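Q: Residue numbers for the sequence shown, in the UniProt record's numbering: 1 to 79.
Here a beta-carbon is modelled for each residue, glycine too, at the ideal position from N, C-alpha and C.
Keep in mind the model is a prediction, meaning the values are calculated, not measured.
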Amino acid sequence: MGEANISGPRIKQAREILGWQQSDLAAALEVDFNIKLDQSDISEIERQKRGVKDFELDAISRLLRVSPVWLLRGEESSS
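#1: Measure the C-alpha to C-alpha separation of GLN21 and SER43 and round it to an integer number of angstroms.
#2: Using C-beta distances below 7 Å, list every residue in its chain close to ALA28, excluding the 5 sequence neighbours before and after it, in chain order.
#3: Taking the beta carbon of SER40 as the centre, do at least 16 other beta carbons fall within 10 Å, making it buried, or is it exposed?
#4: Buried or exposed: where does ASN5 fall if 16 or more other Cβ atoms within 10 Å of its Cβ makes it buried?
#5: Excluding the 5 residues preceding and the 5 following PHE33 in the sequence, name in chain order all residues of the same chain whose CB lies nearer than 7 Å to its CB.
#6: Can you give the Cα-Cα distance for SER78 and LEU71, rounded to whole angstroms?
#7: Could you round the C-beta distance between ILE17 and GLU46 to whole angstroms and report it? I think they count as a contact, below 8 Å.
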């Protein structure tokens with residue numbers, strides 16, 4: 001079976017740059033966006049075992065201070 005998402009490794013990278021644990025990201029998603037994911041969900045996303053919904057990706061990008069395009073493509077703007 002293939003990967004469930006393409007953004008997981010970049011989510012992990014951005015999270016680690018901020019010094020956040022997976023549980024920190026999960027807590028911030030619930031507090032700021034009322035998105036209920038737990039630490040194991042974040043782990044599965046980062047390992048590309050779980051897909052990411054569009055509203056989850058948007059919220060994650062806002063919290064991690066990166067663009068959704070970077071999470072999806074690894075670049076800041078589309079050409």
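A: The structure says:
#1: Position 21 of the sequence shown, counting from 1, holds the residue named residue 21. Position 43 of the sequence shown, counting from 1, holds the residue named residue 43. For GLN21 and SER43, the distance between alpha carbons rounds to 10 Å.
#2: Residue numbering aside, residue 28 sits at position 28 when the sequence shown is read from its first letter. Answer for ALA28: LEU63, listed in chain order.
#3: One-based indexing of the sequence shown puts residue 40 at position 40. It counts as exposed.
#4: Here residue 5 is taken as the residue at index 5 of the sequence shown, counted from 1. ASN5 counts as buried, since no fewer than 16 other beta carbons sit within 10 angstroms of its beta carbon.
#5: Along the sequence shown, one-based indexing puts residue 33 at 33. The answer, listed in chain order, is ALA59.
#6: In the sequence shown, counting from the first residue as 1, residue 78 sits at position 78. In the sequence shown, counting from the first residue as 1, residue 71 sits at position 71. Residue confidence is low: SER78 scores 46 on pLDDT, short of 50, so the model does not pin down where it sits. Its coordinate-derived value is still stated next. Cα to Cα, SER78 sits roughly 12 Å from LEU71.
#7: Taking the first residue of the sequence shown as position 1, residue 17 is located at position 17. Taking the first residue of the sequence shown as position 1, residue 46 is located at position 46. That pair is no contact at about 14 Å.
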